[in-house]
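Undergrad:
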Amino acid sequence: MRDGGMRDGTTTGPREAAGGTRAQAGTQGPWAAGTGYGAYARLVLETMPEEAKAGLSLGFIRTFGIPDIARVLYATGRMTDEPRARAKATGVAMFALIGEGVDSENGRRIVADLRRVHTRPGITPELMHYVLACFTVCPLRFIDAHGHRRVTDEERAAAYAFHRALASALDLPDLPDLRGDDLPAVERWMTAYETAHFAPTEAGRALWHSASRALLSSRLPAFLSRLAPLAAAALLDPPLARALQVPNPPWPIRPLTRYALKARSSRKRRRHDAS
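Residue numbers (this note's numbering): 60 to 334.
(1) Here's the rule I'm using: 16 or more other beta-carbon atoms within 10 Å means buried, otherwise exposed. How should N307 be labelled?
(2) Candidates E253, A270, L266, T260: which alpha carbon is nearest P297's?
(3) For a quick check, are the C-beta atoms of P288 and R313 less than 8 Å apart?
(4) For A290 and L279, which I take to be in contact (beta-carbon distance under 8 Å), what is that distance rounded to the nearest angstrom?
(5) Would you be able to state if there are at least three C-beta pairs under 8 Å between the segment 97-107 and the segment 207-219?
(6) Enumerated in chain order, which unbroken segments of the beta strand (DSSP E) with a length of 3 residues or greater are wholly contained in the segment 96-166?
(7) Measuring straight from C-alpha to C-alpha, what distance separates S277 and R317?
(8) Are L303 and G114 closer than 8 Å when you measure CB to CB?
(9) Starting from L186 and walking both ways along the alpha helix (DSSP H), at which residues does that stretch end?
(10) I need the straight-line Cα distance from L173 to L229, nearest angstrom please.
(11) Quick one: grab the DSSP three-state call for W90.
(12) What is the DSSP secondary structure of L237, counted as helix, strand or coil?
(13) Give a yes or no on whether the C-beta atoms belonging to V131 and L225 are separated by under 8 Å.
(14) Taking M153 as the reference, which of S284, A218, P184 has the closest Cα?
(15) In angstroms, rounded to a whole number, what distance separates the CA positions of I120 and L294?
(16) Suppose the cutoff is 6 Å on Cβ atoms and the five residues either side in sequence are ignored; what does the same chain contact list for I202 look like?
(17) Is V245 closer than 8 Å to T195 when the C-beta atoms are compared?
(18) What three-state label does DSSP hand T260 in the structure shown?
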């Protein structure tokens, strides 16, 4: 999916978090009222929106490691020709679903659009489950690693509630090999799926080259954006780096990237606390 949006750390509404404006969102909060995933919505739309957007971008990139997904994305041409526009459209959809609710009027429209998009030949329910897992798990991983605090148990449970709600709205069948009914079970399934299916492809490599320059540069602190491909490579774990055929960045890049991301999050937290 796609991502877009703000770089100044201001509080955002669902569409604003993905690149729109608060007036466009039509929602002032509380986030996802009455849905059971309000704590997750507050986390990704208000508490740590920059980290959530970066994590969502990495979740999108993670799908490039699955050959069947990479081939479909590459064949459309949009991800290589217009990576930022494609990412922004996905971010608008995901953050609106999180902030307004899957069953809201806008949420139902978005779900209908997602169903149409993902009825293409070759897109199986299992692949859809994997994409949804990436979009739920990866933002939380990024927040844990680079945010000013870790995700709380309440927020993690709320993220799983959203995950289940969207899977149900998309009419995805239950996974027969999912062991457990919580987010850690989804993450275990996702890891096992990657172990079985991650593989290098020319499509995945081309998608990575496009996304690492045009997409992730807007998710990094300003001075790192000039080093976007190298800094982006520093954010990949070894299995994904192998699948995308991405070499290790020079040694200083990885610690520099971690430090810059953590410093940005801490600075924005202090600014938020002082306001």
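Quick reminder that beta carbons are idealized off the backbone N, C-alpha and C, glycines included.
TA: On the basis of the supplied data:
(1) exposed
(2) E253
(3) no
(4) 6 Å
(5) yes
(6) none
(7) 16 Å
(8) When the beta-carbon positions are compared, L303 and G114 stay at least 8 Å from each other.
(9) 184-205
(10) Looking at the two C-alpha atoms, the distance is approximately 8 Å.
(11) coil
(12) coil
(13) no
(14) A218
(15) 11 Å
(16) M107, E110, V210
(17) yes
(18) coil
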